[in-house]
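Notes for the one structure printed next.
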Amino acid sequence: PDLKIRLSDYQPSAWRIASVELVFDLDIASTEVYARLELESASATPTPLRLDGEGLELIELRLNGKRLGPLGYRVEAHALELSDLPASCALESRVRIRPQANTALEGLYLSGSAERGFLLTQCEAQGFRHITWFLDRPDVLTRYSVELRADAARFPVLLAGGNAVGSGMLAEGRHWARFEDPHPKPSYLFALVAGRLECLSQPYITADGRAVTLNLWAEADAIGQCHYALGALQRAMRWDERSYGRNYDLDVFHVVATHDFNMGAMENKGLNIFNAKYLLADADTTTDEGFRAVEGVIGHEYFHNWSGNRVTCRDWFQLSLKEGFTVFRDQSFSADMHSQALKRIEDVATLRRMQFPEDAGPLAHPVRPAEYAEINNFYTATVYEKGAELIRMLAARVGPQAFRRGTDLYFARHDGSAATVEDLLAALGEAAAVDLTPYLAWYAQAGTPRLSARCHHEPATRRYVLRLAQHTAPTPGQAVKHTLPIPVKLALFARDGRMLPLRLAGEADAVGVERVLELTDAAAEFVFEDIDEAPIPSLLRGFSAPVILECAMPPGDLALLLQHDADGFNRWEAGQHLASDAFRAAHAGAAQYAALAAWTGALGALFAQTDFSDAALLAELLAPPAISELEALVEPHDPDAVDAARRRLEQALAQALGASALAARYTALHAAEQGAHDAPAQARRRLKRRVLELWALVDAPAALAAAEAQFAQAAGMSERLAALRVLLRHGDAGMRHGTLTAFRARHGQQPLVMDTWFAVQAEVAGVDALDTVRALLADAAFTLRNPNRVRAVLGTFARQNRTAFHRADGAGYALLVAQLQALDQLNPQTAAALAQAFNGWARLEPKRRALAESHLRALAATPGLSRNLADIVQRSLA
Ligand code: HT7
Ligand code: ZN
Numbered sequence: 012p013d014l015k016i017r018l019s020d021y022q023p024s025a026w027r028i029a030s031v032e033l034v035f036d037l038d039i040a041s042t043e044v045y046a047r048l049e050l051e052s053a054s055a056t057p058t059p060l061r062l063d064g065e066g067l068e069l070i071e072l073r074l075n076g077k078r079l080g081p082l083g084y085r086v087e088a089h090a091l092e093l094s095d096l097p098a099s100c101a102l103e104s105r106v107r108i109r110p111q112a113n114t115a116l117e118g119l120y121l122s123g124s125a126e127r128g129f130l131l132t133q134c135e136a137q138g139f140r141h142i143t144w145f146l147d148r149p150d151v152l153t154r155y156s157v158e159l160r161a162d163a164a165r166f167p168v169l170l171a172g173g174n175a176v177g178s179g180m181l182a183e184g185r186h187w188a189r190f191e192d193p194h195p196k197p198s199y200l201f202a203l204v205a206g207r208l209e210c211l212s213q214p215y216i217t218a219d220g221r222a223v224t225l226n227l228w229a230e231a232d233a234i235g236q237c238h239y240a241l242g243a244l245q246r247a248m249r250w251d252e253r254s255y256g257r258n259y260d261l262d263v264f265h266v267v268a269t270h271d272f273n274m275g276a277m278e279n280k281g282l283n284i285f286n287a288k289y290l291l292a293d294a295d296t297t298t299d300e301g302f303r304a305v306e307g308v309i310g311h312e313y314f315h316n317w318s319g320n321r322v323t324c325r326d327w328f329q330l331s332l333k334e335g336f337t338v339f340r341d342q343s344f345s346a347d348m349h350s351q352a353l354k355r356i357e358d359v360a361t362l363r364r365m366q367f368p369e370d371a372g373p374l375a376h377p378v379r380p381a382e383y384a385e386i387n388n389f390y391t392a393t394v395y396e397k398g399a400e401l402i403r404m405l406a407a408r409v410g411p412q413a414f415r416r417g418t419d420l421y422f423a424r425h426d427g428s429a430a431t432v433e434d435l436l437a438a439l440g441e442a443a444a445v446d447l448t449p450y451l452a453w454y455a456q457a458g459t460p461r462l463s464a465r466c467h468h469e470p471a472t473r474r475y476v477l478r479l480a481q482h483t484a485p486t487p488g489q490a491v492k493h494t495l496p497i498p499v500k501l502a503l504f505a506r507d508g509r510m511l512p513l514r515l516a517g518e519a520d521a522v523g524v525e526r527v528l529e530l531t532d533a534a535a536e537f538v539f540e541d542i543d544e545a546p547i548p549s550l551l552r553g554f555s556a557p558v559i560l561e562c563a564m565p566p567g568d569l570a571l572l573l574q575h576d577a578d579g580f581n582r583w584e585a586g587q588h589l590a591s592d593a594f595r596a597a598h599a600g601a602a603q604y605a606a607l608a609a610w611t612g613a614l615g616a617l618f619a620q621t622d623f624s625d626a627a628l629l630a631e632l633l634a635p636p637a638i639s640e641l642e643a644l645v646e647p648h649d650p651d652a653v654d655a656a657r658r659r660l661e662q663a664l665a666q667a668l669g670a671s672a673l674a675a676r677y678t679a680l681h682a683a684e685q686g687a688h689d690a691p692a693q694a695r696r697r698l699k700r701r702v703l704e705l706w707a708l709v710d711a712p713a714a715l716a717a718a719e720a721q722f723a724q725a726a727g728m729s730e731r732l733a734a735l736r737v738l739l740r741h742g743d744a745g746m747r748h749g750t751l752t753a754f755r756a757r758h759g760q761q762p763l764v765m766d767t768w769f770a771v772q773a774e775v776a777g778v779d780a781l782d783t784v785r786a787l788l789a790d791a792a793f794t795l796r797n798p799n800r801v802r803a804v805l806g807t808f809a810r811q812n813r814t815a816f817h818r819a820d821g822a823g824y825a826l827l828v829a830q831l832q833a834l835d836q837l838n839p840q841t842a843a844a845l846a847q848a849f850n851g852w853a854r855l856e857p858k859r860r861a862l863a864e865s866h867l868r869a870l871a872a873t874p875g876l877s878r879n880l881a882d883i884v885q886r887s888l889a
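Residue numbers (full-length UniProt numbering): 12 to 889.
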């Protein structure tokens, strides 16, 4: 049967919920939930009320105070139906739920052990229906009043979203606490937490004068690791006040850390819940990258308070309205806190590594999907990262002032309600007096457009002609593609490195040295005047549109951009372009190739510059594209051959830089290392890690000796982990065993660091890689019940260790399928996310392709597969 939900079928709810009162009698094994809904019919004609509910044990139902007998309602698999209701009425329900048995981590569940763990909820997207009967859809907003009751000794801390309005003791050592949220919200933003938690607290005064208490909660052994997140939260709050004029709107803002979480974090109103990975941080356990991730996710969830909570989504098809917008906001925040160019490089690299393959495979879908079978499978890189790119294009299109006017208008106009993508574009367009509706096509169309650029210079007319054309290949369910508006930011460089003034044919004067052209048709020509000699084009600067740029450029021109482009992003981009060209040649078996020489030569020159001040940018320049990007350049591909060609590139680069220069740079960086956390110190560590990796390729004994010393003396996790990775890749069995044992001895009681201990082993390529993964799965500290641990071992293996996962005999596929079958019984969301590692199987060389397909088919045939996993497997095979 077709169980798809379709955007075109959207109907507003026939019933409204004016208010809801909830009372929880909390207990780990069995919790009783009382709900009183004040209901109002929204339709003129009488319509049955259908409430969502799953796995609820119904105790009692009352309508306007009167108990309903079994004939007064109908319970279906996932719904409770009541007919002939008065247009306004009060429905009370009492249900029992079982948190400890909830391994799916959706609804109310237990984090940690039965003895010491705590209770918490996860309601997005449809977890609330696992808690009580409700209209569990984002466009039904209501005011919540919540009372929590529990044993005071076992659950000393009781938290729910909103403002605390009272608390007290009950009989038999139980206590209660009551919360009221003045802001109407949909059910997916409801949250509660109950247990033994410690608090790190700080007052905060908002720009509009509200006194707020910021409370970060964690278990006793982790509360000391919350200081960094607390600082990040204050930075995020100030940033949103200044950049978007958004203030916090409750008396208290709680953030709670848990080790048991399906995703990164959740923006529940007034009570954010975080995967501990994105909240806990200190120098001994967290890398520099990890600190930046904490700050970014803290920002992301906080920013949702407006882009998501105050203005929410009408339906789940609009998910990118809150997620794409909020990712754009968190990216801008991080860029403002650190470096614009580096952040852009990281974000584009993530987009290419995660979203481009998604857009090119069987799971491709538009940023606003038209249909889904399981909404939890649409929290994707397309909805998040590509969605953020669309907001970035819109922001650039209208300019910063109009963008701010537009977001102000959007928040004011839709405050307290549920909106659509059209609503956001209308507000931005109105503020800028620009018609943005052509950009809706970006939301509706899947696939990454290819933008081809061809240029030639006409010396006689002193003209430079740029011909741009776009093409998007068909994707599942979308055979025909439309043209999209593509903004192309560009500059033209003279051979001496000057940026040329840009005057298009028909214009009286030049308009600056950098400008944005908009390609709106399938193809167009742009003619620049007064160009004396063939310039070097710097196209798609700052990655002005999420497209694949196809522009054949001589290696020398790219090398020049790599060395001299003023736009840090395009400098990196020129290097990536060169490395990709070099990769193609290496993969084709060429012995010598100009692109490789140009890439290594230009990087060698940059590396030698003692005045190259941006160490972090240099580190990024020294890395070729990720393997998932390179896989897309050859079709069909053999993962061993792709890996080998990429290794050749790195080897050539290390050789070009030279063992002695690498050793000297390493020594200088090592001497400067004092474990500081300011930006220059972080940048030095980033470069030092890259230098050590390259050094190990050309002088393994010396680099290993340095790595051993670095591991032993490391002032923090960045240093320790960088050394460990090199030792695991290049060291002998004794070294590997010794360092892993030492690492575990030091960090064995810290779950997040142990995730790293598992992950660094799962990512190491080699003939025995699969044995390593099997050993990790058999380790006493491994469990399928903890998503972080699953991602550390199985996620890292399947996504990062390409040669092991794609082993020619199919053993990697067999291993993952067996684990998926077991995991699906416990946690379908995590299983479905992990199964997406099979994406791209159809582009493998024939032998692996056949093996991957047969394993996927075996998985599809597993009896009792969850809807989550079945949806991914079926779409992957379609
Ligand atoms: N809005 C959240 C998305 C989400 C989620 C979070 C945790 C566990 C399950 C979840 N399902 C969906 C996270 C965010 O984007 O902010
Ligand atoms: Zn989000």
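Ideal Cβ positions, reconstructed from N, Cα and C, are used throughout, including at glycine.
Over what stretch of residues does the alpha helix (DSSP H) that includes residue 448 continue unbroken? One-based indexing of the sequence shown puts residue 448 at position 437. Unbroken run through residue 448: none, as it is neither H nor E.
Name the one or two DSSP bridge partners that residue 180 has. In the sequence shown, residue 180 corresponds to position 169, counting from 1. BP columns for residue 180 point to 186.
Report the rounded CA-to-CA distance for residue 648 versus residue 883, giving the unit in angstroms. In the sequence shown, the residue the question calls residue 648 occupies position 637. In the sequence shown, the residue the question calls residue 883 occupies position 872. Approximately 23 Å, taken between the alpha carbons.
What does the alpha-carbon distance come out to for the pair residue 768 and residue 798? Residue numbering aside, residue 768 sits at position 757 when the sequence shown is read from its first letter. Residue numbering aside, residue 798 sits at position 787 when the sequence shown is read from its first letter. In a straight line, the C-alpha of residue 768 is about 15 Å away from that of residue 798.
In this structure, what does DSSP give as the bridge partners for residue 467? Sequence index remark: in the sequence shown, residue 467 carries index 456 (1-based). Per DSSP, 476.
Take every Cβ of the stretch 133–151, pair it with every Cβ of the stretch 193–207, and state whether three or more of those distances are shorter than 8 Å. Inter-segment contact for the stretch 133–151 and the stretch 193–207 is present: three or more beta-carbon pairs are separated by less than 8 Å.
With 16 other CB atoms within 10 Å as the buried threshold, where does residue 563 fall? Looking up residue 563 in the sequence shown gives position 552. With fewer than 16 other Cβ atoms within 10 Å, it is exposed.
Here's the rule: buried if 16 or more other CB atoms are within 10 angstroms of the residue's CB, otherwise exposed. What is residue 342? If you number the sequence shown from 1, residue 342 lands on position 331. Buried.
Limits of the unbroken alpha helix (DSSP H) element including residue 421: As a working note, residue 421 is residue 410 in the sequence shown. Unbroken alpha helix (DSSP H) run through residue 421: 411–425.
Limits of the unbroken alpha helix (DSSP H) element including residue 526: For the purposes of this step, residue 526 is identified with residue 515 of the sequence shown, where counting begins at 1. Note, residue 526: premise wrong, no alpha helix (DSSP H); beta strand (DSSP E) at 526–530.
Host alpha helix (DSSP H) of residue 75 (start-end): As a working note, residue 75 is residue 64 in the sequence shown. Element bounds for residue 75: n/a, residue is neither H nor E.
Ignore the nearest five residues each way along the sequence and tell me which others in residue 172's own chain have a CB closer than 6 Å to its CB. Translated into positions along the sequence shown, residue 172 becomes position 161. Result list for residue 172: 192, 202, 279, 280, 281 and 282, in chain order.
In angstroms, rounded to a whole number, what distance separates the CA positions of residue 379 and residue 394? Taking the first residue of the sequence shown as position 1, residue 379 is located at position 368. Taking the first residue of the sequence shown as position 1, residue 394 is located at position 383. Spanning the two alpha carbons is a distance of roughly 7 Å.
With the cut-off set at 8 Å, would you say residue 813 and residue 625 are in Cβ contact? Taking the sequence shown and counting its residues from 1, the one referred to as residue 813 is at position 802. Taking the sequence shown and counting its residues from 1, the one referred to as residue 625 is at position 614. Against a cut-off of 8 Å, the Cβ pair of residue 625 and residue 813 comes out as no contact.
May I ask whether a heavy atom of the ligand HT7 can be found less than 7 Å away from the beta carbon of residue 389? Against the sequence shown, residue 389 aligns to sequence position 378. No, since every heavy atom of the ligand HT7 falls outside the 7 Å radius drawn around the Cβ of residue 389.
Can you tell me whether residue 311 is helix, strand or coil according to DSSP? The residue you call residue 311 lines up with position 300 of the sequence shown. If DSSP states are grouped into helix, strand and coil, residue 311 belongs with the helices.
CB-CB under 7 Å to residue 109, same chain, minus the five flanking residues each way: which ones, in chain order? Within the sequence shown, the letter at position 98 stands for residue 109. Correct list, in chain order: 40 and 41.
Between which two residues does the beta strand (DSSP E) containing residue 162 stretch? Here residue 162 refers to the residue found at position 151 of the sequence shown. Per DSSP, residue 162 belongs to the beta strand (DSSP E) from 153–162.
Since residue 800 and residue 793 are thought to touch, with beta carbons under 8 Å apart, how far apart are those beta carbons, to the nearest angstrom? Looking up residue 800 in the sequence shown gives position 789. Looking up residue 793 in the sequence shown gives position 782. That belief holds up - the Cβ atoms of residue 800 and residue 793 are roughly 6 Å apart, short of 8 Å.
Residue 558 by DSSP, collapsed to three states: which one? In the sequence shown, counting from the first residue as 1, residue 558 sits at position 547. Coil, per DSSP.
Measuring straight from C-alpha to C-alpha, what distance separates residue 118 and residue 293? In the sequence shown, residue 118 corresponds to position 107, counting from 1. In the sequence shown, residue 293 corresponds to position 282, counting from 1. So the two alpha carbons sit approximately 31 Å from each other.
Classify residue 555 as buried or exposed, calling it buried when 16 or more other Cβ atoms lie within 10 Å of its own Cβ. Walking along the sequence shown from the start, residue 555 turns up at place 544. Label assigned to residue 555: buried.
Hey, would you say the C-beta of residue 65 is under 7 Å away from at least one heavy atom of the ligand ZN? Position 54 of the sequence shown, counted from the first residue, corresponds to residue 65. Checking every heavy atom of the ligand ZN against the Cβ of residue 65, none is found closer than 7 Å.
According to DSSP, residue 502 sits in a beta bridge with which residue or residues? By 1-based counting over the sequence shown, the position of residue 502 is 491. 549, per the DSSP bridge assignment.
Any C-beta of chain C under 8 Å from that of residue 33: No chain C is present in this structure, which holds just one protein chain.
So for residue 228, helix, strand or coil by DSSP? Mapped onto the sequence shown, residue 228 falls at position 217. Strand, per DSSP.
I'd like the span of the alpha helix (DSSP H) that includes residue 496, first residue to last. Here the question's residue 496 lines up with position 485 in the sequence shown. Residue 496 -> no alpha helix (DSSP H), and no H or E assigned at all.
Between the Cα of residue 295 and those of 236, 55, 339 and 220, spot the shortest distance and give me the residue it belongs to. The residue labelled residue 295 in the question sits at position 284 within the sequence shown. Of the listed residues, the one whose Cα sits closest to residue 295 is 236.
Residue 824 versus residue 558 - alpha carbon distance: On the sequence shown, position 813 is the one that residue 824 refers to. On the sequence shown, position 547 is the one that residue 558 refers to. Looking at the two C-alpha atoms, the distance is approximately 31 Å.
Closest residue to residue 733 among 707, 757, 872 and 756 (Cα-Cα distance): Numbered from its first residue, the sequence shown carries residue 733 at position 722. Checking every option, the nearest Cα to that of residue 733 belongs to 707.
Just how far apart, CA to CA, sit residue 256 and residue 416? Sequence index remark: in the sequence shown, residue 256 carries index 245 (1-based). Sequence index remark: in the sequence shown, residue 416 carries index 405 (1-based). Spanning the two alpha carbons is a distance of roughly 10 Å.
Using DSSP with H/G/I as helix, E/B as strand and the rest coil, what is residue 563? Here residue 563 refers to the residue found at position 552 of the sequence shown. Coil, per DSSP.
Which stretch, first to last residue, makes up the beta strand (DSSP E) that contains residue 63? Position 52 of the sequence shown, counting from 1, holds the residue named residue 63. Unbroken beta strand (DSSP E) run through residue 63: 60–63.
DSSP three-state call for residue 388: helix, strand or coil? The residue labelled residue 388 in the question sits at position 377 within the sequence shown. In the structure shown, residue 388 sits in a helix (DSSP, three-state: H, G or I).
Are the stretch 689–698 and the stretch 711–719 touching by the rule of at least three beta carbon pairs closer than 8 Å? no
Check whether the Cβ of residue 337 sits closer than 7 Å to any heavy atom of the ligand ZN, and report yes or no. Position 326 of the sequence shown, counted from the start, is the residue given in the question as residue 337. Yes, the Cβ of residue 337 comes within 7 Å of a heavy atom of the ligand ZN.
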